[in-house]
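Chains as they are written, first to last, in this note's numbering: chain A, 38 to 235; chain B, 124 to 396.
Reading through the structure tokens given below for one structure.
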Amino acid sequence: MRENMVARGMFALAWSLLVAVAWGRGPGGEAVDRRQALRALYDLCSGKVMAIALRLLGDRAEAEDVVQETFLELWRRTADYDPTRASPATWAVVIGRSRALDRLRARSSAARVAMAQAAEPVDADPGPQPVEVREDQRRVREALSVLPPEQREVIELAYFEGLVQSEIAARTGQPLGTVKTRVRLAMEKLELALGGAG
Amino acid sequence: MTCEDFQGLAGAFALRSLDPAEQAAAEEHLLEREHRGCPEALVRARNTAALLASALPLVAPPEGVWRAIVARTGLDAPEQVLRLPAQPRRARRALTWAMAAAAVALLGLWGRERSARVRTEAELVAAQRGAQAEARDRAALLAEVRTLRESAARERELVALIDAPDSRLVPLAPVGGHTGRATAVVNVRAGRAVVLSAALAPEPGKDYQLWVIHGAGAPEPAGFLRFAHGAVAVGDIDPKLLATAPGALAVSLEPAGGRPTPTEVVLLGKLAG
Numbered sequence: 038m039r040e041n042m043v044a045r046g047m048f049a050l051a052w053s054l055l056v057a058v059a060w061g062r063g064p065g066g067e068a069v070d071r072r073q074a075l076r077a078l079y080d081l082c083s084g085k086v087m088a089i090a091l092r093l094l095g096d097r098a099e100a101e102d103v104v105q106e107t108f109l110e111l112w113r114r115t116a117d118y119d120p121t122r123a124s125p126a127t128w129a130v131v132i133g134r135s136r137a138l139d140r141l142r143a144r145s146s147a148a149r150v151a152m153a154q155a156a157e158p159v160d161a162d163p164g165p166q167p168v169e170v171r172e173d174q175r176r177v178r179e180a181l182s183v184l185p186p187e188q189r190e191v192i193e194l195a196y197f198e199g200l201v202q203s204e205i206a207a208r209t210g211q212p213l214g215t216v217k218t219r220v221r222l223a224m225e226k227l228e229l230a231l232g233g234a235g
Numbered sequence: 124m125t126c127e128d129f130q131g132l133a134g135a136f137a138l139r140s141l142d143p144a145e146q147a148a149a150e151e152h153l154l155e156r157e158h159r160g161c162p163e164a165l166v167r168a169r170n171t172a173a174l175l176a177s178a179l180p181l182v183a184p185p186e187g188v189w190r191a192i193v194a195r196t197g198l199d200a201p202e203q204v205l206r207l208p209a210q211p212r213r214a215r216r217a218l219t220w221a222m223a224a225a226a227v228a229l230l231g232l233w234g235r236e237r238s239a240r241v242r243t244e245a246e247l248v249a250a251q252r253g254a255q256a257e258a259r260d261r262a263a264l265l266a267e268v269r270t271l272r273e274s275a276a277r278e279r280e281l282v283a284l285i286d287a288p289d290s291r292l293v294p295l296a297p298v299g300g301h302t303g304r305a306t307a308v309v310n311v312r313a314g315r316a317v318v319l320s321a322a323l324a325p326e327p328g329k330d331y332q333l334w335v336i337h338g339a340g341a342p343e344p345a346g347f348l349r350f351a352h353g354a355v356a357v358g359d360i361d362p363k364l365l366a367t368a369p370g371a372l373a374v375s376l377e378p379a380g381g382r383p384t385p386t387e388v389v390l391l392g393k394l395a396g
């Protein structure tokens, strides 16, 4: 119940930020500088978008380009946002990861291997993180940790390395059908564990 | 691909880990008009996939990224808080022609009547017209400020309605080959329901009319969507129709002023449970 209330509160905050970006007015009714509203949305989501882009691309400059493209797309497509489908943070992550995957898949196979070997390690100690971020991290890591190892592996290869199922099959030496089944089962379990709430 | 097939792939689709042929087949399936739970399965899978990013520690982009975004959005220019609504292109063109015709007429007058008395009268008329125009501009600006205040109060009310723990968000999906969508925020206990859409465009000479449907009863007219400001349309459902929980809400496109029964339903949303 409390979780639901917090989620609604966060939803209202993020929605009002998007409204402010689109309309130039804040939830308190005051005229709002749209730049400040976009900045608030950026502060809410950019760290997550940068994290997934850096993880996928292994290149800080490219990940920064992805963050830039993501917020320009959010800015242009505010009217497409559907609050019943996802929170703005989820929307930003979906767009950001998608743009990073586009870049990753545009690289040749050789370039992907070379980039993966030269990938910049993500800072192991990122410093203090906001409480709600630590709580999300704990929930997701816990949900991943209770998956059978072979299911966790396919999710990590698909989500954090951006591999398609046939590439996962080649990497793990498992039949494609087995990989598909593992991905499906893992996603069903994660949905149950995490609630599928955006 | 069947709905069952798609739903078995929804997780992989959300992860973007399908191979190209399967990805194309899944995208094609999503374009079909009738589904048994596919959009809902995709939303759940996408939200789950997006949450996986939370396993990573946040990485703050350098400040230069923000500066580049600001520059590319044009937000580094001074903010314009008051924006008069854009006039339709046809109206702008008509206005341009009218101004051009007036200018030609004035030039003709200027050429024919050169006496000092007429010039003085013309200057007086021009001054009066200028004052009238200024008064009109002032009235338009005041009206705009009033609209802003009303819109701000509406927005505050909307956020409060969304935030209420017993409010429900109901998606209104396109029907009958139409496009667009809307969201209804429904709070039966408070007798309040609002429909909002950022994906419908105003239609000249027509209104988007709201409808409430109870059980198997006929749709009851419940108000209109208004494009008061910006690109977002907002409409209040008549509270009298919320005495009992509606079974469904609809939006139809009707001749200006609406109709007692819907003629062209564009969006429909069911209130499950």
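Backbone N, C-alpha and C fix where the C-beta goes; we use that ideal spot for every residue, glycine too.
When you compare the CB of D142(B) with every CB in chain A, is at least one pair closer than 7 Å? In terms of beta-carbon proximity, D142(B) lines the interface with chain A, with at least one pair separated by less than 7 Å.
Buried versus exposed, by CB contacts within 10 Å (16 or more), P383(B): Around the C-beta of P383(B), fewer than 16 other C-beta atoms lie within 10 Å, and the residue is accordingly described as exposed.
Heavy atom of the ligand SAH less than 6 Å from the Cβ of V389(B), yes or no? In the structure shown, the ligand SAH is absent, as is every other ligand, since no ligand is present at all.
Which residues in chain A sit within 7 Å of G303(B), going by Cβ to Cβ distance? Taking a Cβ-Cβ cut-off of 7 Å, G303(B) has no neighbours in chain A, whose nearest Cβ is about 10 Å from it.
Name the residue from L179(B), H158(B), F136(B) whose alpha carbon lies nearest to the alpha carbon of R178(A). For the residues L179(B), H158(B), F136(B), the minimum Cα distance to R178(A) belongs to L179(B).
Q188(A) touches chain B at which residues, Cβ-Cβ below 9 Å? Neighbours of Q188(A) across chain B, judged by C-beta separation under 9 Å, do not exist; the nearest C-beta is about 11 Å away.
Which same chain residues end up closer than 6 Å to R291(B) when comparing Cβ atoms and leaving out the 5 residues on each side of it in sequence? Closer than 6 Å at Cβ, skipping near neighbours: V309.
When you compare the CB of K85(A) with every CB in chain B, is at least one pair closer than 7 Å? Closer than 7 Å to some Cβ of chain B, the Cβ of K85(A) qualifies, so yes.
In the DSSP assignment, find the beta strand (DSSP E) that holds D96(A) and state where it starts and stops. Counting along the chain, D96(A) sits inside no beta strand (DSSP E), nor does DSSP assign it H or E at all.
Simplified DSSP state of A126(A), which is helix, strand or coil: A126(A) falls in the helix class under three-state DSSP.
Give the C-beta separation of A172(B) and Y196(A) to the nearest angstrom, bearing in mind that I take them to be a contact with Cβ-Cβ under 8 Å. With 8 Å as the limit, A172(B) and Y196(A) qualify as a contact, their Cβ atoms being about 7 Å apart.
What first and last residue would you give for the alpha helix (DSSP H) that runs through V398(B)? Here chain B comprises residues numbered 124 to 396, so residue 398(B) is not present and cannot be evaluated.
Contact with chain B by S182(A), beta-carbon distance below 7 Å: No, no contact with chain B.
Is the distance from the Cβ of S29(A) to the Cβ of V103(A) below 7 Å? Residue 29(A) is absent from the structure shown; chain A starts at 38 and stops at 235.
Residues near L231(A) in its chain [Cβ-Cβ closer than 6 Å; skip 5 each side]: Correct list, in chain order: A180.
Is the Cβ of P86(B) closer than 7 Å to any Cβ of chain A? Coverage of chain B is limited to positions 124 through 396, which leaves residue 86(B) absent and any answer about it impossible.
Identify each residue in the stretch 180-202 of chain B for which the Cβ-Cβ distance to at least one residue of chain A is less than 9 Å, and report them in chain order. So the list reads P180, L181, V182, A183, P184, P185, G187, V188, W189, A191, I192, V193, R195, T196, L198, D199, E202, given in the order they occur along the chain.
How would you call E101(A), buried or exposed, if buried means at least 16 neighbouring beta carbons within 10 angstroms? Burial call: buried.
Under 7 Å between beta-carbons, which chain A residues line up against L372(B)? List them in chain order, please. The contacting residues do not exist; L372(B) stays about 13 Å from chain A at best.
Suppose contacts are defined by Cβ-Cβ distances below 7 Å. Is A90(A) in contact with A137(A) by that definition? Yes.
Chain B partners of D173(A), CB-CB under 8 Å? Within 8 Å Cβ-Cβ: L174, S177.
Who are the Cβ neighbours of R189(A) in its own chain at under 8 Å, not counting the five residues just before and after it? The residues are L181, S182, A223.
On the DSSP letters alone, give me the boundaries of the beta strand (DSSP E) that A147(B) sits inside. Annotation: A147(B) is outside any beta strand (DSSP E); the continuous alpha helix (DSSP H) that includes it extends over 143-153.
If you compare alpha carbons, which of L141(B), A149(B), L174(B) is closest to C126(B)? Out of L141(B), A149(B), L174(B), A149(B) has the C-alpha closest to the C-alpha of C126(B).
What residues from the stretch 149-174 of chain B come within 7 Å of chain A, judged by C-beta to C-beta, listed N to C? Taken in chain order, the members of the stretch 149-174 of chain B whose beta-carbon sits within less than 7 Å of a beta-carbon on chain A are V166, R167, A168, R169, N170, T171, A172, A173, L174.
Quick one: does L348(B) have its CB under 7 Å from some CB of chain A? Output row for L348(B): interface = no.
Can you find a C-beta in chain B that's less than 7 Å from the C-beta of L229(A)? Judged by the 7 Å Cβ criterion, L229(A) is not in contact with chain B.
Helix or strand or just coil, what does DSSP make of Q130(B)? Reduced to three states, the DSSP call for Q130(B) is helix.
Looking only at C-alpha atoms, which of T302(B), P294(B), A183(B), A287(B) sits nearest to L154(B)? Of T302(B), P294(B), A183(B), A287(B), the residue nearest in Cα terms is T302(B).
Apart from the five residues on each side of it in sequence, which residues of its chain come closer than 6 Å, Cβ to Cβ, to V220(A)? Excluding sequence neighbours, V220(A) sits near V191.
Supposed contact pair L184(A) and K226(A) - C-beta distance, whole angstroms, cut 8 Å: Beta-carbon to beta-carbon, K226(A) and L184(A) are separated by about 6 Å, close enough to satisfy the 8 Å threshold.
Exposure of G197(B), with buried meaning 16 or more beta-carbon neighbours within 10 Å: Under the 10 Å beta carbon count, G197(B) is surrounded by fewer than 16 other beta carbons and is classified as exposed.
Relative to the alpha-carbon of A135(B), which residue among Q211(A), I205(A), G210(A), P212(A) has its alpha-carbon at the smallest distance? Residue I205(A) is the option with its Cα nearest to A135(B).
Could you spell out the range, first to last residue, of the alpha helix (DSSP H) harbouring E187(A)? Segment 186-192, the alpha helix (DSSP H) holding E187(A).
To which residues of the same chain is P325(B) closer than 7 Å at the C-beta, ignoring the five residues directly before and after it? Scanning its chain for C-beta atoms nearer than 7 Å, with the 5 sequence neighbours on each side dropped, one finds around P325(B) the residues F350, in chain order.
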